[in-house]
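The opening residue of the sequence shown carries number 0 in numbering that gives the first Met the number 0; numbering runs sequentially from there.
Heads up, the thing below is written out as structure tokens.
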Amino acid sequence: MASPPSSTVKPDSARLQNGASGSAERFNLDSVRESLIRQEDTIVFSLIERAKFPRNLKVYDESSREIPGFSGSLLQFFVEEAEILQSKVGRYYNPEEHPFFPENLPLSLLPPYNYEQVLHPAAASININKKIWNMYVYDLLPLFAAKGDDGNYASTMSSDLTCLQALSRRIHYGLFVAEVKYRDAPQDYGPAIRAQDRDALMKLLTFESVEEMVKRRVEKKASVFGQEVGLNDSGSDKYKIDPSVFSHLYGEWVMPLTKLVQVEYLLRRLD
Ligand SMILES: C=C(O[C@@H]1C=C(C(=O)O)C=C[C@H]1O)C(=O)O
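Next up, the structure:
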């Protein structure tokens with residue numbers, strides 16, 4: 000089977016900021032995919048941590064009036080406050096990071112780090128965190144969190160924040176994937192962008208063989224990282240989260256949303 004094309008962008012023409020791959024040296028399709036692979040580990044670990052707690056539905060009730068003066072769920076309050084703090088120490092200078100509550104975020108108290116700008120400025124207008132939030136709270140959590148309430152709301156919400164940020168970072172990484180794909184083949188993408196043809200763009204950027212590999216790999220990672228480990232056996236078939244949840248998560252939501260980000264970005268790439 001022919002392998003999907005890899006990028007030929009010269010290392011010096013663009014340098015990716017220190018991303019999840021830890022590498023600031025190269026910006027090409029291989030390095031971008033390496034980062035996506037490393038981010039799988041983060042997502043698998045963060046969901047395994049969340050699975051320590053039951054559903055704790057109270058946290059997600061948007062009609063609760065638990066916090067005086069705040070209308071929304073406890074998790075909305077928690078994430079909004081966490082983002083205010085993280086914005087003050089520069090989290091959103093990083094083009095890989097996208098806030099869930101971008102309205103009224105304070106400026107950083109620290110000077111900006113000089114992240115290499117490899118994206119077209121249109122990237123700044125793309126934020127699909129509302130979709131990611133709804134997917135996480137309403138579709139994903141019921142698939143792996145046990146029913147029940149143990150009252151550990153603060154710890155539950157800390158875990159939720161970690162999961163939401165890991166998913167958001169991975170899905171918005173589609174911006175970098177799209178940029179590198181465009182630079183590799185502007186002659187293919189250009190006409191579809193000028194025609195604003197979503198379907199043609201989706202076709203160009205989709206590699207089904209890569210997607211199949213990704214699904215198999217995350218399922219395998221979940222079975223290795225989430226296995227109950229004992230001293231007297233070589234492995235067990237008890238898992239902290241059913242590994243098939245991860246191939247489902249990637250096949251149904253993570254990869255389609257990453258591709259949505261890619262299409263949205265490419266549509267504006269020549270503005
Ligand atoms: C990210 C890429 O683009 C698409 C999306 C994928 C994903 O989100 O993992 C995988 C393959 C492609 O269909 C890629 O080509 O690596």
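For glycine and all other residues, C-beta sits at the position ideal for the given N, C-alpha and C.
Cα-Cα separation between residue i and residue j, rounded to whole angstroms
| i | j | result |
| --- | --- | --- |
| proline 255 | aspartate 149 | 34 Å |
| leucine 163 | glutamine 195 | 31 Å |
| glycine 18 | phenylalanine 69 | For glycine 18, the pLDDT reaches just 47, beneath the cut-off of 50, and the residue's location in the model is therefore unreliable, although a value from the coordinates is still provided. Using only the alpha carbons, I get a separation of about 35 Å. |
| glutamate 227 | threonine 41 | 19 Å |
| serine 158 | lysine 180 | 33 Å |
| phenylalanine 285 | methionine 156 | Residue numbering for the chain in the displayed model covers 0 to 270; residue 285 lies beyond these limits and cannot be assessed. |
| lysine 146 | asparagine 55 | 8 Å |
| asparagine 126 | leucine 230 | 46 Å |
| leucine 109 | alanine 123 | 21 Å |
| glutamate 65 | serine 72 | 8 Å |
| valine 217 | glycine 225 | 11 Å |
| tyrosine 284 | alanine 153 | This structure gives no information on residue 284, because the portion of the chain shown stretches from 0 to 270. |
| histidine 119 | leucine 139 | 32 Å |
| glutamate 80 | alanine 184 | 42 Å |
| lysine 87 | lysine 51 | 30 Å |
| methionine 134 | glutamate 251 | 10 Å |
| arginine 49 | serine 107 | 29 Å |
| serine 45 | arginine 193 | 40 Å |
| phenylalanine 77 | histidine 97 | 16 Å |
| isoleucine 131 | leucine 74 | 14 Å |
| leucine 160 | valine 136 | 11 Å |
| phenylalanine 245 | valine 223 | 12 Å |
| arginine 271 | arginine 168 | One cannot answer for residue 271 here, as it falls past the ends of the chain, which runs 0 to 270. |
| isoleucine 240 | alanine 165 | 17 Å |
| tyrosine 32 | glutamate 95 | Position check: residue 32 holds arginine in this sequence, whereas tyrosine was assumed. Approximately 14 Å, taken between the alpha carbons. |
| lysine 219 | leucine 248 | 14 Å |
| proline 53 | alanine 144 | 5 Å |
| tyrosine 114 | serine 235 | 44 Å |
| glutamate 61 | valine 253 | 25 Å |
| arginine 267 | leucine 200 | 12 Å |
Any non-hydrogen atom of ligand 1 within 6 Å of residue i CB
| i | result |
| --- | --- |
| glutamate 210 | yes |
| phenylalanine 175 | no |
| threonine 257 | yes |
| methionine 254 | yes |
| valine 213 | yes |
| arginine 32 | yes |
| threonine 155 | no |
| threonine 205 | yes |
Buried or exposed (CB count within 10 angstroms, at least 16 for buried), residue i
| i | result |
| --- | --- |
| tyrosine 264 | buried |
| threonine 205 | exposed |
| leucine 35 | buried |
| serine 208 | exposed |
| tyrosine 112 | exposed |
| leucine 15 | With a pLDDT of 47 at leucine 15, under the threshold of 50, the modelled position of this residue cannot be trusted; read the value that follows with caution. Buried: at least 16 other Cβ atoms inside 10 Å. |
| glutamine 116 | exposed |
| glutamate 82 | buried |
| leucine 203 | buried |
| asparagine 27 | buried |
| glutamine 261 | buried |
| glycine 173 | buried |
| asparagine 103 | exposed |
| glutamine 186 | exposed |
| lysine 237 | exposed |
| glutamate 39 | buried |
| leucine 269 | exposed |
| lysine 129 | exposed |
| leucine 84 | exposed |
| proline 101 | exposed |
| glutamate 211 | exposed |
| glutamate 178 | buried |
Residues that DSSP places opposite residue i in a beta bridge
| i | result |
| --- | --- |
| tyrosine 238 | Gln226 |
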